[in-house]
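First residue of the sequence shown: 1, per my numbering; consecutive thereafter.
Following: one structure in structure tokens, then a few remarks.
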Amino acid sequence: MKIILSRKGFDSGFGGYASLILPDGTLQSLPIPSSSDDLTYAEVKSRYQDKKLMELMLSIKGKIKEYEWKELDESTNCHLDPDIDYYALERTEDWKGCFGQIGAAQTVLDNADIGINDLFLFFGWFNECEENDKNFIKMKKGDGRHVMFGYLQIGEIIHTATDCIPEWLKYHPHAYGDRVTNSNNSIYIARETCSWNEKIPGYGVFKYRKELDLSKPGMSRSKWALPDIFKGLAITYHTEKSWKDDYFQSAARGQEFVIEENIDIMKWAQNIIERNIN
Numbered sequence: 001m002k003i004i005l006s007r008k009g010f011d012s013g014f015g016g017y018a019s020l021i022l023p024d025g026t027l028q029s030l031p032i033p034s035s036s037d038d039l040t041y042a043e044v045k046s047r048y049q050d051k052k053l054m055e056l057m058l059s060i061k062g063k064i065k066e067y068e069w070k071e072l073d074e075s076t077n078c079h080l081d082p083d084i085d086y087y088a089l090e091r092t093e094d095w096k097g098c099f100g101q102i103g104a105a106q107t108v109l110d111n112a113d114i115g116i117n118d119l120f121l122f123f124g125w126f127n128e129c130e131e132n133d134k135n136f137i138k139m140k141k142g143d144g145r146h147v148m149f150g151y152l153q154i155g156e157i158i159h160t161a162t163d164c165i166p167e168w169l170k171y172h173p174h175a176y177g178d179r180v181t182n183s184n185n186s187i188y189i190a191r192e193t194c195s196w197n198e199k200i201p202g203y204g205v206f207k208y209r210k211e212l213d214l215s216k217p218g219m220s221r222s223k224w225a226l227p228d229i230f231k232g233l234a235i236t237y238h239t240e241k242s243w244k245d246d247y248f249q250s251a252a253r254g255q256e257f258v259i260e261e262n263i264d265i266m267k268w269a270q271n272i273i274e275r276n277i278n
């Protein structure tokens with residue numbers, strides 16, 4: 001089983017601010033804006049008080065960044081991917097957690113021979129929020145940190161240019177439009193349950209705990225406090241020079257950080273999921 005640390009959600013170029021650690025511990029990853037997609041922020045629901053994403057986002061800022069800042073309103077489209085929270089949308093009986101990838105990032109996964117039963121751990125830029133006296137949320141001071149927010153263990157891979165796309169999956173942003181005919185476009189569908197523990201779904205989101213932080217306390221978010229078991233292992237986009245005296249310098253670019261297959265890393269990832277699934 002290979003483990004992939006997969007960077008997703010708002011960043012400085014798309015979105016413009018951190019995703020949300022909400023007052024009850026809900027980790028609300030904010031999908032990036034995308035004018036080429038159909039779904040809107042007004043349609044996606046958060047676990048936090050059943051609010052829509054747009055309502056939460058307007059509490060933080062009235063604008064959103066897609067290359068440049070623009071107004072956020074009910075027509076603003078988003079790229080809901082990975083889609084690993086059952087409660088985010090109305091679901092069909094056939095639905096499973098899913099994640100699409102295309103282009104250079106998909107090539108990274110292909111070159112690493114990512115396949116069935118390999119495991120994505122999704123992380124992103126997050127900051128803590130608090131409620132104000134009007135029951136709206138606001139972002140706490142600080143630049144935030146990298147936090148793991150969910151997972152998907154691969155049960156099936158669909159190459160959209162050649163494979164049949166199931167009817168239930170055709171809502172997904174990588175299952176329609178120009179992406180479908182791209183020979184380098186794939187959709188990863190989760191297993192029903194995890195291969196090592198059938199009591200746990202093959203996909204899901206986490207409730208926030210400190211052990212989900214990748215960033216080292218007191219340092220910028222790109223400086224990570226990885227366990228020693230990572231040392232000496234190959235990680236895409238990184239070299240031995242990524243290891244500094246007291247932190248791991250994560251790459252500024254790149255989405256899919258594939259970690260060399262290793263039983264200790266596998267057990268670490270499995271424990272993260274079992275302890276933190278929401």
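Think of the CB as a built atom: it goes at the ideal place given N, C-alpha and C, for glycine as much as any other residue.
Helix, strand or coil for residue i, going by three-state DSSP, please let me know.
i, result
"D83", "strand"
"A112", "coil"
"L72", "coil"
"T40", "strand"
"L58", "helix"
"K52", "strand"
"I263", "helix"
"G142", "coil"
"R7", "strand"
"P77", "Residue 77 is actually Asn in this sequence, not Pro. It is a strand residue."
"T107", "helix"
"E93", "coil"
"Q28", "strand"
"N283", "Missing from the structure shown is residue 283; the chain here goes from 1 to 278 and no further."
"K223", "strand"
"I21", "strand"
"F136", "coil"
"I165", "coil"
"N182", "coil"
"G177", "helix"
"K216", "coil"
"K45", "strand"
Quick test of your reading: residue i and residue j, contact by CB under 8 Å. State the CB separation rounded to the nearest angstrom.
i, j, result
"Y41", "M54", "4 Å"
"C78", "D37", "7 Å"
"I4", "E256", "6 Å"
"I187", "T160", "6 Å"
"V258", "K2", "6 Å"
"F206", "F126", "Actually they do not touch by this definition, with Cβ atoms about 11 Å apart."
"G9", "P31", "7 Å"
"P82", "F122", "6 Å"
"I84", "G204", "6 Å"
"Q249", "K231", "That belief does not hold up - the Cβ atoms of Q249 and K231 are roughly 13 Å apart, past 8 Å."
"W80", "L27", "Checking the sequence, you will find Leu at residue 80 rather than Trp. No, L80 and L27 are not in contact; Cβ-Cβ is about 15 Å, not under 8 Å."
"N262", "L233", "6 Å"
"G254", "T239", "In fact, because the Cβ distance is near 13 Å, the residues do not count as touching under 8 Å."
Grab the span of the beta strand (DSSP E) containing residue i for me, first residue to last.
i, result
"W243", "Run containing W243: none; DSSP gives neither H nor E here."
"L121", "119-131"
"C98", "98-102"
"I64", "63-66"
List the residues that DSSP assigns as beta-bridge partners of residue i.
i, result
"T193", "P201"
"Y151", "L121, G204"
"D228", "Answer is none; D228 lacks a bridge partner."
"P33", "C78"
"Y188", "F99, I157"
"E256", "S6"
"G15", "D11, K65"
Using a C-beta cutoff of 8 Å, does residue i count as contacting chain C?
i, result
"D245", "Chain labels in this structure do not include chain C; a single protein chain is all it has."
Can we say the stretch 94-106 touches the stretch 45-59, given the rule of at least three CB pairs closer than 8 Å? no
Is the number of C-beta pairs between the stretch 17-33 and the stretch 256-269 that are closer than 8 Å three or more? no
The stretch 145-159 touching the stretch 104-124, judged by at least three CB pairs closer than 8 Å: yes
Determine contact between the stretch 210-227 and the stretch 131-146, defined as no fewer than three beta-carbon pairs at a distance below 8 Å. At 8 Å Cβ cutoff, the stretches touch.
I'd like to know if the stretch 216-236 and the stretch 86-100 are in contact, where contact means that at least 3 CB-CB pairs between them fall below 8 Å. no
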